[in-house]
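A.B. asks: Here it is, the structure in full.
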Amino acid sequence: MKTNEALAPFMQEYTKLYESLYKAHKTEKELTEKYNSTKEECFVSGHKVYELTQTISSKNYEIEKLKQDVMNAMKRADSAHTREQNAQDTIENLRLNIQQLSQEIAQKNRQLAASEDTSFAKQKEHLIQEKENLMSEVDTLKQRLKNMVLYTEELEKKSSTASNQIAEMQENLDMQLSEISRERRGRQRAEDEVLQLQEELATKTSDLETANAAIQAAAANVIKLESLLKEQRTSADKMQREMNKLSVKKLHLETDVENAHAQIENLEMEIADKDKQFKETK
Numbered sequence: 001m002k003t004n005e006a007l008a009p010f011m012q013e014y015t016k017l018y019e020s021l022y023k024a025h026k027t028e029k030e031l032t033e034k035y036n037s038t039k040e041e042c043f044v045s046g047h048k049v050y051e052l053t054q055t056i057s058s059k060n061y062e063i064e065k066l067k068q069d070v071m072n073a074m075k076r077a078d079s080a081h082t083r084e085q086n087a088q089d090t091i092e093n094l095r096l097n098i099q100q101l102s103q104e105i106a107q108k109n110r111q112l113a114a115s116e117d118t119s120f121a122k123q124k125e126h127l128i129q130e131k132e133n134l135m136s137e138v139d140t141l142k143q144r145l146k147n148m149v150l151y152t153e154e155l156e157k158k159s160s161t162a163s164n165q166i167a168e169m170q171e172n173l174d175m176q177l178s179e180i181s182r183e184r185r186g187r188q189r190a191e192d193e194v195l196q197l198q199e200e201l202a203t204k205t206s207d208l209e210t211a212n213a214a215i216q217a218a219a220a221n222v223i224k225l226e227s228l229l230k231e232q233r234t235s236a237d238k239m240q241r242e243m244n245k246l247s248v249k250k251l252h253l254e255t256d257v258e259n260a261h262a263q264i265e266n267l268e269m270e271i272a273d274k275d276k277q278f279k280e281t282k
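This is the structure we're talking about:
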């Protein structure tokens, strides 16, 4: 193209078009790689979001179960506390009854002592019987008191165990809530990342479409320029053939002119001879 004067004016434009086409293909390749990479990242992040959602659903079920267990344990603890309070009230009543019976026994003892002084045998026998009954009742109350104390101690142990279980369940619940909170934050970050990747994917897709359009336009321009160059080359070849023909005609004309000059010179020489002969004949 450099050596062809007819095509030389198109050389710079043709070079620019080919450079643009090369850059467009290179950009298309880079954008395609980025598009595939972004698409893969989007898929991985989407799968991560799905796994986190499944984990959170499972944790929510465990948390609800723990909450129910804590509520049941608290109900049992409240019931045990109520029974313990009732037992304490019963123990207190038993102590009051024992105290009252002890006072009655002391009173009967005093009455017995008084009956000895007055020698009322029949009344003494009656008082002794009442005393024995009171002593038996006191023993019964003491046994009930002992049983109630043991029952209260057992309730206290159960209450302490229930409190420990509640504390352990609450701690486990807090840990589960903290973990699910972290997982929710992780899911939110993953969802944000997916949205960002989707936006980047849309941008890369748009850039890729723009690059494809630029490539198609550049390719069309190259085809158009090649067609124009072909026409110019054909026209140049035609002009060259015509110039060759004209050169041949020129050579022929020059030959004809030289021949004509030679004929003219010959004619002039003949005319000169004729003039000389004519003059000599006079």
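Position 184, counted from 1, in the sequence shown is what UniProt numbering calls 184; the numbers after and before it change by one each time, with no gaps.
All C-beta atoms, glycine included, are put in the ideal place defined by N, C-alpha and C.
1) Are there 16 or more other CB atoms within 10 angstroms of the CB of K279, so buried, or fewer, so exposed?
2) On a CA-only basis, which of S235, N259, A219, E231 is nearest E19? Give me that one, please.
3) How about the region 32-46 and the region 229-240: do they share at least three Cβ pairs that are nearer than 8 Å?
4) Give me the residue from Q85, S206, R241 with the minimum Cα distance to L155.
5) Which value, in whole angstroms, describes the spacing of the CA atoms of K48 and L150?
6) Any contact of the region 26-37 with the region 183-196, i.e. 3+ C-beta pairs under 8 Å?
7) Considering only residues of the same chain and omitting the five flanking positions on each side of L201, which have a CB-CB separation below 8 Å?
8) Can you tell me the Cβ-Cβ gap for L141 and L101, rounded? I've got them flagged as a contact below 8 Å.
9) Are the beta-carbon atoms belonging to L197 and T32 less than 9 Å from one another?
C.D. replies: Let me spell this out:
1) Translated into the one-based positions of the sequence shown, residue 279 becomes position 279. Result: exposed.
2) Along the sequence shown, read from residue 1 onward, the residue named residue 19 stands at position 19. Nearest C-alpha to E19 among S235, N259, A219, E231: A219.
3) no
4) Numbered from its first residue, the sequence shown carries residue 155 at position 155. Cα-wise, what sits closest to L155 is Q85.
5) As a working mapping, residue 48 is identified with position 48 in the sequence shown. As a working mapping, residue 150 is identified with position 150 in the sequence shown. Taking the straight line from one Cα to the other gives about 57 Å.
6) no
7) In the sequence shown, residue 201 corresponds to position 201, counting from 1. These residues qualify, in order along the chain: Y35, T38, K39, C42.
8) Counted from its first residue, the sequence shown places residue 141 at position 141. Counted from its first residue, the sequence shown places residue 101 at position 101. L141 to L101, Cβ: 7 Å. Contact.
9) Here residue 197 refers to the residue found at position 197 when the sequence shown is read from its first residue. Here residue 32 refers to the residue found at position 32 when the sequence shown is read from its first residue. At a Cβ-Cβ threshold of 9 Å, L197 and T32 do not count as neighbours.
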